[in-house]
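Note that the protein sequences, when read in sequence, are chains A and B.
Residue numbers for the first sequence follow my numbering, so the first one is 1 and each next one is one higher.
Residue numbers for the second sequence follow my numbering, so the first one is 1 and each next one is one higher.
First up is the structure itself, then whatever we jot down about it.
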Amino acid sequence: EPEVTQTPSHQVTQMGQEVILRCVPISNHLYFYWYRQILGQKVEFLVSFYNNEISEKSEIFDDQFSVERPDGSNFTLKIRSTKLEDSAMYFCASSVEGSNQPQHFGDGTRLSIL
Amino acid sequence: GESVGLHLPTLSVQEGDNSIINCAYSNSASDYFIWYKQESGKGPQFIIDIRSNMDKRQGQRVTVLLNKTVKHLSLQIAATQPGDSAVYFCAEISGGSQGNLIFGKGTKLSVKP
């Protein structure tokens, strides 16, 4: 069964540094998402991406964050000038269609900011 | 306040019993709902979904019930097994959204052998 894959599984970064989290969505999916989950809390929406542009973004997704689909398979989340509070699990998801089809999630990248 | 929430943070059941996990939502504009299962160290795994034009949907050992009158969603797991132990999240998408999933806090299901 096709699945969403994310790399790395764990990223440790010094505060103030930039990180890039990578995702390979399911191949025939057209909608891509990033979510984050702070330890012990619920999953929070960050951004959705369709047709090479951002469709929606949350208040969390400020100028520190950016997304990109650099080629036909990868979908990346860049976090500039990381802060301690950026420490969380970051999940990538994809779906065939935006609002009426289930989103399928990767196993996440654990981001630890020191 | 949050749009989606859960009544019980933990649920403990005996193996073989049926489990019912509840979820309340407050956004009457939501028209698509999904239940996810999250095991330790993994991402949310799709279990079952339901659209707002339905009241009930059944899958393999799972049933989702939607009561739009009281904005309530439930997940029923038949003959619960140890492998069902996980955190279960309900999530909703509002009509007109491009897929912004709003998650509840989660219910931790523990299955006793």
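We treat Cβ as the ideally placed atom computed from N, Cα and C, and that holds for glycine.
As the structure is a computational prediction, the values presented were derived from the model and not from experiment.
Fill in: As assigned by DSSP and simplified to three states, the class of D17/B
The answer is coil: DSSP assigns D17/B none of H, G, I, E or B.
Item to complete: Could you list which residues in chain B have their beta carbon closer than 8 Å to that of S48/A, in chain order?
Response: Here the neighbours are Q98, G99 and N100.
Discussion item. What residue range does the beta strand (DSSP E) around I49/B cover?
Written reply: One detail in the question is off: residue 49/B reads as Asp in this sequence, not Ile. For D49/B, the enclosing beta strand (DSSP E) has its first and last residue at Q45 to R51.
Fill in: Members of the stretch 51-84 of chain A that neighbour chain B once the beta carbon cut-off is set at 8 Å
Of all residues in the stretch 51-84 of chain A, those with a C-beta nearer than 8 Å to a C-beta of chain B are S55, E56 and S58, reading in chain order.
Worksheet item: Leaving out the 5 sequence neighbours to the left and right, which residues in its chain are closer than 6 Å to V67/A when beta-carbon positions are compared?
Response: Contacts found: V47, F49 and L77.
Fill in: Residues of its chain near S73/A, where Cβ-Cβ distance is below 7 Å and the 5 sequence neighbours each way are ignored
The beta carbon of S73/A lies closer than 7 Å to those of V24 in the same chain, with the five residues before and after it left out.
Discussion item. Please list, in chain order, the chain B residues whose beta carbon lies closer than 8 Å to that of N28/A.
Written reply: The contacting residues do not exist; N28/A stays about 16 Å from chain B at best.
Worksheet item: At what residues does the beta strand (DSSP E) containing H10/A begin and finish?
Response: Unbroken beta strand (DSSP E) run through H10/A: H10 to T13.
Worksheet item: Name the chain B residues whose beta carbon is nearer than 8 Å to that of G98/A?
Response: Scanning chain B for C-beta atoms nearer than 8 Å to the C-beta of G98/A yields S97, Q98 and G99, reported in chain order.
Fill in: S112/A at chain B interface by Cβ criterion, 8 Å
Chain B, which has no Cβ nearer than 8 Å to the Cβ of S112/A, makes this no.
Fill in: C-alpha distance - E92/B paired with N18/B, whole-angstrom precision
E92/B and N18/B have their C-alpha atoms some 24 Å from each other.
Worksheet item: Grouping DSSP H, G and I as helix and E and B as strand, with all else coil, what is L84/A?
Response: Helix, per DSSP.
Fill in: T5/A - containing beta strand (DSSP E), residue span
First-last of the beta strand (DSSP E) with T5/A: T5 to T7.
Worksheet entry | 9 Å Cβ cut-off: residues of chain B touching Y33/A | The contacting residues are G99, N100 and L101.
Item to complete: Figure out for me which residue from V70/B, I48/B, K112/B and S52/B has the closest Cα to the Cα of A79/B.
Response: Answer by Cα proximity: K112/B.
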